[in-house]
Amino acid sequence: MKKIILTLSHLKKNYQEDSGETKAIEDISLEVEEGKFISIVGPSGCGKSTLLSILANLEVASGGTYTFEKPSVRIAYMLQKDSLFPWRTILDNCLLGLELRNELTEENRNYVLHLLKTYGLADFIDKYPNSLSGGMRQRVALIRTLAIHPDILLLDEPFSALDAMTRVALAEDVYNMIKKEGKTVLMVTHDIGEAVSLSDKIVVLTKRPSTVKKIYDIHLTGKSTPIKNRKCKEFSEYYDAIWRDLDVHI
Amino acid sequence: MYTYSQEHKKYLKRKRKDKWIIISCQILILIFFLLLWEVAAHYQWINTFLSSSPSLIVKTFSSLLANNDLFTHIGVTLYETVVSFGIATILGLIISILLWWCPRIAKIADPYLTVLNSLPKVALGPLIIIWVGASTNSIIFMALLISIFVSIMNIYHDFVETDRHYIILLKSLGAKKRDIFFKAVLPANISNIINNLKINISMAFIGVIMGELLVSKKGLGYLIMYGSQVFNINLVISSVFILGILSFSFYYLICLLEKIIQKKNC
Ligand SMILES: Nc1ncnc2c1ncn2[C@@H]1O[C@H](COP(=O)(O)OP(=O)(O)O)[C@@H](O)[C@H]1O
Ligand SMILES: [Mg+2]
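These protein sequences, in sequence, are chains A and B.
Each residue of the first sequence is one higher than the last, beginning at 0 in numbering that gives the first Met the number 0.
Each residue of the second sequence is one higher than the last, beginning at 0 in numbering that gives the first Met the number 0.
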């Protein structure tokens, strides 16, 4: 049975500045189903990050509503920049969210340690972030977000600071990690291939001020992991369709 | 465990050698300079009445030591410096935190801080003496005035310039202002705060000596002033020399503190 855990209804956002008003989001309505991986693509500057920061409670919407099915919903927000604190060890970085919520129990701590060990960071638990590669840092950032047991993960271009190879490999890892932990994900990306290979649903936005242009339910024959998904026969159809939607002019 | 290659060992050896050469040269330059000074004085190429000589300075030292005055003077200067440095540092930090915490207060205070900071505080010397009186307190107050505004402006600006992403991250994890300060702003600025200590200590010395030159009965600044009035160049140079050692020691202590903190953190 489908369970909708987040509903956006006619969400709107204008930024107010001395120099005037920037209309970022015109009207976005969307339903997010539990346990699904949803990607948001759109031209740059169309308000994708804005959308996530409203949901993360960092910005206030100018109009419309968004409602979580559960009032006590836990949201975790992961940005493109990992922002690991250089003065904290990897473990302490991952415990940051728990610390802030006063939830630093033995059990939670063990969960974080378990994640670090499972995802290849066992040797770095007591090291500082400057000893990690870009891909590892991003993995730590993800564990930091998972540590608080979120119901929904908001990912804002989580891989875009990485080189192409690391990017694909990490997307694979992160996907497995998220699926295994059974999380709902809302991910912003500008990489169409990434969106098609990872998502259950893709939301295409128009350019600023954005509205929903199209929503794709992704059905791949023999769907498995992101890298393999790229070989499915529907992959390129979705890819081309979304490419046309985005209407990229060079 | 790390195993060092032969090449790395060579590199370390070269570095050590380099360090020794530098330190030896530094010491040699000092010895050479002192010798030259002494020789020039001995053969009367220079007038010792105006430029003293190392041996005369040593003599002055021992006579100062003999009548026990030297330590009183050093003590007074040290006391004034440490107190004004301490107050400037703590007060500077507290006010910077306040300004960071309430951006509106920061905006209101901005023009006043700018004016107070750019005003040459020496000009306030006579005024302070009239208000606070010719005492140790007025010297401390003067030194405090000299360092506190720079201190506030520097630390506040560092606070405000804390990486925005750290703050967004904390907010997304549900942090309150207090958490943002203690988890990101303060730890991110430890090295800036220590750098500020270095500025503060030299400012405190400047302020204290200035105050002592203007008004005092004790302290190294007083010795310098007194020495120049009675044309005792030996006394003046000895005092300057001690002052140099004192300020260098403080600077060194702060650098030591910096190293300890850095080691703890990385
Ligand atoms: N804090 C802000 N203040 C004013 N304008 C902003 C702010 N953040 C974003 N904008 C503007 O809103 C629009 C959407 O930005 P953003 O959501 O970052 O786009 P995207 O993530 O899709 O590239 C852009 O035109 C941007 O300049
Ligand atoms: Mg963005």
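Even glycine gets a Cβ: it sits at the ideal position worked out from N, Cα and C.
In three-state DSSP terms, what is residue i?
i, result
"residue 63 of chain A", "strand"
"residue 162 of chain B", "coil"
"residue 0 of chain B", "Summary for residue 0 of chain B: the model assigns pLDDT 47, below 50, so the residue's position carries little reliability; its value from the coordinates is reported in the next sentence. Coil, per DSSP."
"residue 173 of chain B", "coil"
"residue 68 of chain A", "coil"
"residue 148 of chain B", "helix"
"residue 183 of chain A", "strand"
"residue 134 of chain A", "helix"
"residue 3 of chain A", "strand"
"residue 21 of chain B", "helix"
"residue 83 of chain A", "coil"
"residue 19 of chain A", "strand"
"residue 228 of chain A", "helix"
"residue 222 of chain A", "coil"
"residue 151 of chain A", "strand"
"residue 26 of chain A", "strand"
"residue 37 of chain A", "strand"
"residue 236 of chain A", "helix"
Can the beta-carbon of residue i be found less than 9 Å from the beta-carbon of residue j?
i, j, result
"residue 237 of chain B", "residue 63 of chain B", "yes"
"residue 149 of chain B", "residue 198 of chain B", "yes"
"residue 242 of chain B", "residue 200 of chain B", "no"
"residue 204 of chain B", "residue 80 of chain B", "yes"
"residue 83 of chain A", "residue 157 of chain A", "no"
"residue 30 of chain A", "residue 3 of chain A", "yes"
"residue 114 of chain A", "residue 164 of chain A", "no"
"residue 228 of chain A", "residue 195 of chain A", "yes"
"residue 131 of chain A", "residue 63 of chain A", "no"
"residue 91 of chain B", "residue 138 of chain B", "no"
Give the straight-line distance between the Cα atoms of residue i and residue j, rounded to the nearest whole angstrom.
i, j, result
"residue 233 of chain A", "residue 214 of chain A", "16 Å"
"residue 110 of chain B", "residue 151 of chain B", "13 Å"
"residue 294 of chain A", "residue 43 of chain A", "A question about residue 294 of chain A goes unanswered here, because the residues of chain A that appear run from 0 up to 249."
"residue 190 of chain A", "residue 172 of chain B", "27 Å"
"residue 33 of chain B", "residue 229 of chain B", "25 Å"
"residue 107 of chain A", "residue 14 of chain B", "47 Å"
"residue 59 of chain A", "residue 97 of chain A", "25 Å"
"residue 218 of chain A", "residue 240 of chain A", "14 Å"
"residue 125 of chain B", "residue 47 of chain B", "35 Å"
"residue 171 of chain A", "residue 255 of chain B", "47 Å"
"residue 56 of chain B", "residue 68 of chain B", "16 Å"
"residue 232 of chain B", "residue 82 of chain B", "30 Å"
"residue 162 of chain A", "residue 8 of chain A", "36 Å"
"residue 72 of chain A", "residue 181 of chain A", "15 Å"
"residue 223 of chain B", "residue 212 of chain B", "8 Å"
"residue 151 of chain A", "residue 65 of chain A", "14 Å"
"residue 58 of chain B", "residue 185 of chain B", "50 Å"
"residue 200 of chain A", "residue 113 of chain B", "55 Å"
"residue 224 of chain A", "residue 135 of chain A", "20 Å"
"residue 94 of chain B", "residue 249 of chain B", "24 Å"
"residue 170 of chain B", "residue 57 of chain A", "7 Å"
"residue 74 of chain A", "residue 197 of chain A", "20 Å"
"residue 194 of chain B", "residue 157 of chain B", "11 Å"
"residue 243 of chain A", "residue 204 of chain A", "12 Å"
"residue 91 of chain A", "residue 183 of chain B", "13 Å"
Restricting to Cα atoms, I'd like to know which of the options is closest to residue i.
i, options, result
"residue 206 of chain B", "B:153, B:56, B:90 and B:123", "B:123"
"residue 173 of chain A", "A:138, A:155 and A:62", "A:138"
"residue 87 of chain A", "A:18, A:48, A:210 and A:143", "A:143"
"residue 110 of chain A", "A:245, A:168, A:148 and A:224", "A:148"
"residue 93 of chain A", "A:179, A:121 and A:66", "A:121"
"residue 67 of chain A", "A:45, A:48, A:32 and A:89", "A:32"
"residue 216 of chain B", "B:45, B:133, B:143 and B:112", "B:133"
"residue 78 of chain A", "A:50, A:197, A:236 and A:11", "A:50"
"residue 116 of chain B", "B:58, B:185, B:163 and B:146", "B:146"
"residue 69 of chain A", "A:123, A:212, A:6 and A:28", "A:6"
"residue 84 of chain B", "B:142, B:263 and B:226", "B:142"
"residue 1 of chain A", "A:35, A:20, A:25 and A:21", "A:35"
"residue 154 of chain B", "B:179, B:178, B:191 and B:129", "B:191"
"residue 28 of chain A", "A:221, A:211, A:186 and A:38", "A:211"
"residue 235 of chain B", "B:74, B:60 and B:253", "B:60"
Can we count residue i as close to ligand 4, meaning its CB is less than 8 Å from some heavy atom?
i, result
"residue 58 of chain A", "Although ligand 4 was asked about, the structure shown includes only ligand 1 and ligand 2 as ligands."
Chain-ordered list of residues that sit, by beta carbon, closer than 5 Å to a heavy atom of ligand 1 = Taking a cut-off of 5 Å from the heavy atoms of ligand 1, the residues with a C-beta inside it are A:14, A:21, A:23, A:43, A:44, A:45, A:46, A:47, A:48 and A:49.
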